[in-house]
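Trainee: This is the structure, below, for whatever I ask next.
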Amino acid sequence: MNRTIIFKNKPSIIGTSTVAGPKESSGSIADFFDVKLSDDKYGEQSFEKAESKMVFTAVKNSIINASIKESEIDAMLAGDLLNQIVATTFAARNFDFGYLGLYNACATFTESLVLGATLIDSGHLNNVVCVTSSHFSSAERQYRYPLELGCTRPPQSQWTVTGAGACVLSHNGYGPKISSATIGRIIDFGVVDANNMGAAMAPAACDTLLSHFKQSKTNPFDYDLIVTGDLGTLGSRILKDLLWEKGFDIDKQHVDCGELIYSICECEYQGGSGAGCSSLVFNSYLYKKLRKNEFNKILLVATGALLSSLSAQQGESIPGIAHAVVVEN
Amino acid sequence: MKTLIDCQNKNYLNYVKCISPKTNQKRSLLHAFWVGGLICSIGQTFRYLLEFGLNLKGDELSAYVSMIMIFLGGLLTGLGVYDRIGKYAGGGSIVPITGFANSVVSPAIEFKTEGFIYGTAAKMFVVAGPIIVFGVASSVLVGILYFIGFRVF
Numbered sequence: 000m001n002r003t004i005i006f007k008n009k010p011s012i013i014g015t016s017t018v019a020g021p022k023e024s025s026g027s028i029a030d031f032f033d034v035k036l037s038d039d040k041y042g043e044q045s046f047e048k049a050e051s052k053m054v055f056t057a058v059k060n061s062i063i064n065a066s067i068k069e070s071e072i073d074a075m076l077a078g079d080l081l082n083q084i085v086a087t088t089f090a091a092r093n094f095d096f097g098y099l100g101l102y103n104a105c106a107t108f109t110e111s112l113v114l115g116a117t118l119i120d121s122g123h124l125n126n127v128v129c130v131t132s133s134h135f136s137s138a139e140r141q142y143r144y145p146l147e148l149g150c151t152r153p154p155q156s157q158w159t160v161t162g163a164g165a166c167v168l169s170h171n172g173y174g175p176k177i178s179s180a181t182i183g184r185i186i187d188f189g190v191v192d193a194n195n196m197g198a199a200m201a202p203a204a205c206d207t208l209l210s211h212f213k214q215s216k217t218n219p220f221d222y223d224l225i226v227t228g229d230l231g232t233l234g235s236r237i238l239k240d241l242l243w244e245k246g247f248d249i250d251k252q253h254v255d256c257g258e259l260i261y262s263i264c265e266c267e268y269q270g271g272s273g274a275g276c277s278s279l280v281f282n283s284y285l286y287k288k289l290r291k292n293e294f295n296k297i298l299l300v301a302t303g304a305l306l307s308s309l310s311a312q313q314g315e316s317i318p319g320i321a322h323a324v325v326v327e328n
Numbered sequence: 000m001k002t003l004i005d006c007q008n009k010n011y012l013n014y015v016k017c018i019s020p021k022t023n024q025k026r027s028l029l030h031a032f033w034v035g036g037l038i039c040s041i042g043q044t045f046r047y048l049l050e051f052g053l054n055l056k057g058d059e060l061s062a063y064v065s066m067i068m069i070f071l072g073g074l075l076t077g078l079g080v081y082d083r084i085g086k087y088a089g090g091g092s093i094v095p096i097t098g099f100a101n102s103v104v105s106p107a108i109e110f111k112t113e114g115f116i117y118g119t120a121a122k123m124f125v126v127a128g129p130i131i132v133f134g135v136a137s138s139v140l141v142g143i144l145y146f147i148g149f150r151v152f
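Chains as they are written, first to last, in numbering that gives the first Met the number 0: chain W, 0 to 328; chain H, 0 to 152.
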């Protein structure tokens, strides 16, 4: 069984754009975001509509930043955390190109990169947009409690990022290239605590990384950075311990998007999470660093916790998934 | 029959339990205690004011005090203050009647975007529903026991 694809016609990431919420806009990498919102409703009536508008803005700006016309885009691969992925679906109404809706929770961004890169590498499509988003308020409504409810959060919980990040992958053009990808498989180690996503997802990240290293014949030192999507502080520690057990040490290369996105980790507990977390950090900070050659080879592994509010209530444990993508100059 | 996977999962879950950050129980209890106590003291103050100021008694007095506390809970929820109290105090703000008001008002505000009928009205008791169901059910049970008790004794 081989889940790693080494691309022959490596697609380039020719443009990106990000839209970040108010809390993220005062975080440590805020300078790298394109649009920083001060109002988390973005002038709309509901949080869902606001999230949709953020996706639309991110897609539109990424196409402008890529210096190509909208008519040259073939398809949009998108996903978010809402039921029936309505944020991205409704944003796609405003565009004429194709739409492929995806859902892998917080791993959706790398899922879209894997699939988008495959479509371009195969020669079937020329330009695709990959976008994911999440919004703290719309996610809380759906998965947890009403916003004004006076309840405490346990220390292992994370804060859903409000943001949308989009990138344009192209057959031609200049930019960092996606050279390989590993498709993850579902790993469930029996974690039932819906507040401890890091522990639920870390085994999946470990499995994907091990498969990637084995099937692409690389090791952690081949990469400048190994970036996980939103494992948080606890999840990152678990991942490093699990990999250490198998003989791999990623401590020097590892950084987590959830830890980067907020300045003060104490109030946000384990850091940021959400489908928008990895796409916000990658499409701003990491992409700009890649273009300046400050990093040259990044292994991006976004992780997702595939539970629903019903499954948690039925006592089911949380399956995790992680997809890996290598982006290099 | 324990399978290999069950054993592996158990080891992993034990490991996670060991390294997961723990809530500081003593600190949370202290916060809950003093904030909960303060809320109850405020309620008691209103009770004294109404009893000696307006000469109310019995059930009428209790009803008025409850109404005032529920109003305050709802008001603070609407102003966006109660969730901050709750984040600090935990159980201390959930348990008193103000917490009940918060649990009804917060979804009512939240689901306004879906309209008054399917949003606000339908979702209003999504958090407090179990309180009402079990409260009513247990009062029925107690009533039955009283009834049987009267009949027998």
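For glycine and all other residues, C-beta sits at the position ideal for the given N, C-alpha and C.
My guess is that H/T119 and W/Q44 are in contact by the Cβ rule of under 8 Å, so how many angstroms apart are they, rounded?
Mentor: Here residue 119 of chain H refers to the residue found at position 120 when the second sequence is read from its first residue. Here residue 44 of chain W refers to the residue found at position 45 when the first sequence is read from its first residue. In fact, because the Cβ distance is near 15 Å, the residues do not count as touching under 8 Å.
Trainee: Would you give the residue range spanned by the alpha helix (DSSP H) that W/H170 belongs to?
Mentor: What you label residue 170 of chain W is simply residue 171 of the first sequence in a count that begins at 1. Neither: W/H170 is in no alpha helix (DSSP H) and is coded neither H nor E.
Trainee: For the beta strand (DSSP E) containing W/M75, name the first residue and the last one.
Mentor: Position 76 of the first sequence, counted from the start, is the residue given in the question as residue 75 of chain W. That run of the beta strand (DSSP E) goes A74 to D79.
Trainee: Is there a C-beta anywhere in chain H that falls below 8 Å from the one on W/C150?
Mentor: If you number the first sequence from 1, residue 150 of chain W lands on position 151. True, the Cβ-Cβ gap to chain H drops below 8 Å.
Trainee: Which of the three DSSP states is assigned to W/D255 in this structure?
Mentor: Residue mapping note: residue 255 of chain W aligns to position 256 of the first sequence, counting from 1. Correct three-state label for W/D255: strand.
Trainee: Under DSSP, the alpha helix (DSSP H) around H/E109 begins and ends at which residues?
Mentor: Position 110 of the second sequence, counted from the start, is the residue given in the question as residue 109 of chain H. Looking at the DSSP string, the run of the alpha helix (DSSP H) that includes H/E109 is I96 to E109.
Trainee: Using a cut-off of 9 Å between C-beta atoms, extract the partners of H/S108 located in chain W.
Mentor: Translated into positions along the second sequence, residue 108 of chain H becomes position 109. Looking at the sequence itself, residue 108 of chain H is Ile, so the reference to Ser does not match. What H/I108 touches in chain W: P145, L146 and E147.
Trainee: Closer than 9 Å between beta carbons: that is the criterion. Which residues of the segment 70-89 of chain W meet it against chain H?
Mentor: Correct list: empty, as no residue qualifies.
Trainee: Cβ of W/A77 within 8 Å of Cβ of W/T131?
Mentor: Here residue 77 of chain W corresponds to residue number 78 of the first sequence, with the count starting at 1. Here residue 131 of chain W corresponds to residue number 132 of the first sequence, with the count starting at 1. Against a cut-off of 8 Å, the Cβ pair of W/T131 and W/A77 comes out as a contact.
Trainee: At which residue ranges does the segment 24-68 of chain W contain complete alpha helix (DSSP H) runs of 4 or more residues, listed in the order of the chain?
Mentor: DSSP runs (the alpha helix (DSSP H)) wholly in the segment 24-68 of chain W: 46-64.
Trainee: Grab the span of the beta strand (DSSP E) containing W/G321 for me, first residue to last.
Mentor: Counted from its first residue, the first sequence places residue 321 of chain W at position 322. Per the sequence presented here, residue 321 of chain W reads as Ala, with Gly not at that position. G319 to E327 is the span of the beta strand (DSSP E), which, as asked, contains W/A321.
Trainee: Can you pull the DSSP bridge partners for W/A304?
Mentor: Numbered from its first residue, the first sequence carries residue 304 of chain W at position 305. For W/A304, which the question treats as bridged, DSSP gives the partners W/G319.
Trainee: How would you call W/S37, buried or exposed, if buried means at least 16 neighbouring beta carbons within 10 angstroms?
Mentor: Here residue 37 of chain W refers to the residue found at position 38 when the first sequence is read from its first residue. Looking at its Cβ environment, which holds fewer than 16 other Cβ atoms inside 10 Å, W/S37 is exposed.
Trainee: How is the beta strand (DSSP E) around W/C129 delimited, first residue to last?
Mentor: Start at 1 with the first residue of the first sequence, and residue 129 of chain W comes out as number 130. N126 to S133 is the span of the beta strand (DSSP E), which, as asked, contains W/C129.
Trainee: Based on Cα-Cα distance, which residue from W/D73, W/G271, W/M200 and W/L289 lies nearest to W/L124?
Mentor: If you number the first sequence from 1, residue 124 of chain W lands on position 125. The shortest C-alpha separation from W/L124 is found at W/D73.
Trainee: With 16 other CB atoms within 10 Å as the buried threshold, where does W/A301 fall?
Mentor: What you label residue 301 of chain W is simply residue 302 of the first sequence in a count that begins at 1. It is buried - the Cβ of W/A301 has at least 16 other Cβ atoms within 10 Å.
Trainee: Based on Cα-Cα distance, which residue from W/Q312, W/L81, W/T56 and W/S25 lies nearest to W/G273?
Mentor: Numbered from its first residue, the first sequence carries residue 273 of chain W at position 274. For the residues W/Q312, W/L81, W/T56 and W/S25, the minimum Cα distance to W/G273 belongs to W/L81.
Trainee: Between which two residues does the alpha helix (DSSP H) harbouring W/G275 extend?
Mentor: Residue 275 of chain W sits at position 276 when you count from the first residue of the first sequence. Taken as a continuous stretch (DSSP letters only), the alpha helix (DSSP H) holding W/G275 covers A274 to V280.
Trainee: Identify each residue in the segment 33-51 of chain W for which the Cβ-Cβ distance to at least one residue of chain H is less than 9 Å, and report them in chain order.
Mentor: Going along the segment 33-51 of chain W in chain order, one finds Q44, S45, F46, E47 and K48 with a Cβ nearer than 9 Å to chain H.
Trainee: Just the C-alpha distance for W/Y144 and W/E47, rounded to the nearest angstrom, thanks.
Mentor: Position 145 of the first sequence, counting from 1, holds the residue named residue 144 of chain W. Position 48 of the first sequence, counting from 1, holds the residue named residue 47 of chain W. Their Cα atoms are separated by approximately 16 Å.
Trainee: Give, in chain order, every residue of the segment 184-203 of chain W whose Cβ lies closer than 8 Å to some Cβ of chain H.
Mentor: For the segment 184-203 of chain W, which is checked against every Cβ of chain H, the residues closer than 8 Å are F188, G189, V190, N195, A198 and P202.
Trainee: Residues of the segment 64-95 of chain H in Cβ contact with chain W at a cutoff of 7 Å, in chain order, please.
Mentor: Residues T76, G79, Y81, D82, I84, G85, K86, G89, S92 and I93.
Trainee: Can you tell me whether DSSP reads W/A104 as helix, strand or coil?
Mentor: Indexing the first sequence from 1 puts residue 104 of chain W at position 105. Correct three-state label for W/A104: coil.
Trainee: In the structure shown, what three-state DSSP assignment does W/K296 receive?
Mentor: In the first sequence, the residue the question calls residue 296 of chain W occupies position 297. Three-state DSSP puts W/K296 in a strand.
Trainee: Where do the N-terminal and C-terminal ends of the beta strand (DSSP E) with W/K224 fall, by residue?
Mentor: Your numbering for residue 224 of chain W matches position 225 in the first sequence. Just to set this straight, residue 224 of chain W is Leu in the shown sequence, not Lys. Run containing W/L224: L224 to T227, per the beta strand (DSSP E) assignment.
Trainee: In chain H, which residues lie with their C-beta within 9 Å of the C-beta of W/L233?
Mentor: Position 234 of the first sequence, counted from the start, is the residue given in the question as residue 233 of chain W. Those within 9 Å of W/L233 in chain H are V15, I18, S19 and P20.
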